[in-house]
Amino acid sequence: MELYSGYINKLIEQFEKLPGIGSKSAQRLALHVINMPPEHVERFAQIMVEARKNIHYCEECCTLTDKEICPICSNPSRDHSTIMVVENIRDLAAYEKTNKYEGVYHVLHGAISPMLGMGPNDIRLKELIKRLEGDVAEVIIATNSSLEGETTAMYISKLIKPTGIKVTRIASGVPVGGDLECIDEMTLLRALEGRREL
Ligand code: ZN
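Going by our numbering, the sequence shown wraps up at 200, each residue one higher than the last.
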């Protein structure tokens, strides 16, 4: 006998597809939604649909935004000649939280990983290279210190070196395999300040 009705099962299945949600959490969330006032559920669903529809990559740095150019790239007081390359938006947010970095970013949306079948064309690398045609003084590579992050850093530095643009790598104050987003602000700042030229 089925424990739940078809609709509840369908809802549980959808929640189970989300990252970090196991079957118990999925059940709890599904039952919570069913107990929510219908208008709240509608609003929730509507916001998800609208966010998905209206949010896209910034034309310059590839972060997520609902404008053509994100607020960081369109801020004239940021140093547009310094680009920090990060793997994802959570890493960008971690550096923004320090309030000390004044340059702009480039979000790769992943890292090169032969094991996962992720090559240079699967991340936003072409967009980065295009930006180097502009007035760029330094590219700071702030990918994670995982194998994938290091592979990506090496690949990018080899690409940029011939252009004569300064390429630096954040210091390894960031623990090996550490996710940038989990590291405290002091460590992030130390890693940034101790960056070395590649
Ligand atoms: Zn941007």
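Just so it is clear, CB atoms sit at the ideal spot from N, CA and C, and this is done for glycine as well.
Any non-hydrogen atom of the ligand HEM closer than 7 angstroms to residue i Cβ
{"i": "threonine 65", "result": "Ligands displayed in this structure: the ligand ZN; the ligand HEM is not among them."}
Chain-order list of residues whose beta-carbon lies under 7 angstroms from that of residue i (same chain, five-residue window excluded)
{"i": "isoleucine 71", "result": "Cys60, Glu61 and Glu62"}
{"i": "asparagine 90", "result": "Val109 and His111"}
{"i": "lysine 102", "result": "Leu191"}
{"i": "cysteine 75", "result": "Cys60, Glu62, Cys63 and Val106"}
{"i": "arginine 30", "result": "none"}
{"i": "threonine 100", "result": "Glu187, Leu190 and Leu191"}
Buried or exposed (CB count within 10 angstroms, at least 16 for buried), residue i
{"i": "asparagine 56", "result": "exposed"}
{"i": "aspartate 93", "result": "buried"}
{"i": "valine 51", "result": "exposed"}
{"i": "isoleucine 142", "result": "buried"}
{"i": "alanine 96", "result": "buried"}
{"i": "valine 43", "result": "exposed"}
{"i": "alanine 47", "result": "exposed"}
Proximity to residue i [Cα-Cα], best of the options
{"i": "arginine 171", "options": "Ala155, Leu130, Lys160 and Asp81", "result": "Ala155"}
{"i": "isoleucine 36", "options": "His58, Ile10 and Val51", "result": "Ile10"}
{"i": "isoleucine 85", "options": "Ala139, Pro78 and Pro116", "result": "Ala139"}
{"i": "aspartate 186", "options": "Glu98, Thr65 and Pro116", "result": "Glu98"}
{"i": "leucine 161", "options": "Leu127, Leu66, Thr189 and Ala96", "result": "Leu127"}
{"i": "asparagine 77", "options": "Arg54, Ser115, Glu104 and Ala95", "result": "Glu104"}
{"i": "leucine 134", "options": "Gly166, Ser115, Ala193 and Glu41", "result": "Gly166"}
{"i": "histidine 58", "options": "Gln48, Ile49 and Lys69", "result": "Lys69"}
{"i": "threonine 65", "options": "Pro40, Leu130 and Leu194", "result": "Leu130"}
Own chain residues within Cβ distance below 6 angstroms of residue i, not counting five before or after
{"i": "serine 159", "result": "Val169 and Leu200"}
{"i": "isoleucine 14", "result": "Ala28, Gln29 and Ala32"}
{"i": "serine 83", "result": "Asp137, Val138 and Ala139"}
Chain-order list of residues whose beta-carbon lies under 8 angstroms from that of residue i (same chain, five-residue window excluded)
{"i": "alanine 2", "result": "It is not possible to answer for residue 2, since the shown part of the chain is limited to 3 through 200."}
{"i": "isoleucine 23", "result": "Phe17 and Leu31"}
{"i": "arginine 198", "result": "Thr170, Arg171 and Ala173"}
{"i": "arginine 80", "result": "Ile74, Glu104, Gly105 and Val106"}
**OP:** Jot down the residue ranges of each uninterrupted beta strand (DSSP E) in the region 111-173, minimum 3 residues, whole runs only, in chain order.
**Re:** For the region 111-173, the continuous beta strand (DSSP E) assignments of 3+ residues that do not extend past its boundaries occur at 140-143 and 168-171, in sequence order.
Subject >> Uninterrupted alpha helix (DSSP H) stretches inside the region 15-42 (no shorter than 4 residues) >> reply: Listed in chain order, the complete alpha helix (DSSP H) runs (minimum 4 residues) inside the region 15-42 are 25-37.
Subject >> Those runs of the alpha helix (DSSP H) which lie wholly inside the region 70-107 and span at least 4 residues >> reply: Correct list: 91-99.
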